[in-house]
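Sequential numbering of the sequence shown, starting at 1052, is according to the working numbering.
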Amino acid sequence: MGTMIKAKYNGQCKNCGSSWAVGDDLYYQKNPKALCTDHECFTEQGGTAGYKSSFQKKERDTIVVKLPEITASDGVKMLAELHQQFFLTAHHLAMSYYPEEDITGDRFGQIRSKIIDQLLTLRGNE
Ligand SMILES: [Zn+2]
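If you want it as structure tokens, here you go:
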């Protein structure tokens, strides 16, 4: 059964040629031997999928969302529209404050989110 290990040495996959550095996460199986950073390649080498418990760290990166079965009222829809205005304004502010920032990145999203909070706070002080 495969497990996930941290690479102790820099190395390269004999199957697909992808390389890794010390400390990278690797899929590893002793018998039959399988080793790669890429899960698909690991499986190609005969690595088995009995790895799930070892790979929980990866799985925690995803979140499960269960949407409530309910219809939003007009009041809530108006709030949502108001939120869109804050979002749009915050987006443009963030772009003007941080022109070098990648707008598809996590950090831009965090900045934008912070600006939305600040706008809401200011609105409360009006
Ligand atoms: Zn490989």
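Glycine residues also receive a C-beta, built at the ideal position from the N, C-alpha and C atoms.
| query | result |
| --- | --- |
| Contacts around GLN1161, its chain only, beta-carbon distance under 6 Å, and the 5 residues preceding and following it disregarded | none |
| LEU1077 classed as buried or exposed, judged by whether at least 16 other C-beta atoms fall within 10 angstroms | buried |
| Own chain, CB closer than 7 Å to LEU1170, minus 5 neighbours either side, in chain order | PHE1137, THR1140 and ALA1141 |
| Presumed contact (8 Å Cβ cut-off) between GLY1156 and THR1099, rounded CB distance | In fact, because the Cβ distance is near 36 Å, the residues do not count as touching under 8 Å. |
| Where LYS1059 falls: helix, strand or coil (DSSP) | coil |
| Check: SER1069 C-beta below 7 Å from any heavy atom of ligand 1 | yes |
| Counterpart residues of ALA1085 in DSSP-defined beta bridges | GLN1080 |
| Selection from TYR1149, LYS1081, ASN1082 and ASP1089 that minimises the alpha carbon distance to ASP1075 | ASP1089 |
| Cβ neighbour criterion (16 or more within 10 Å) applied to LEU1133 | exposed |
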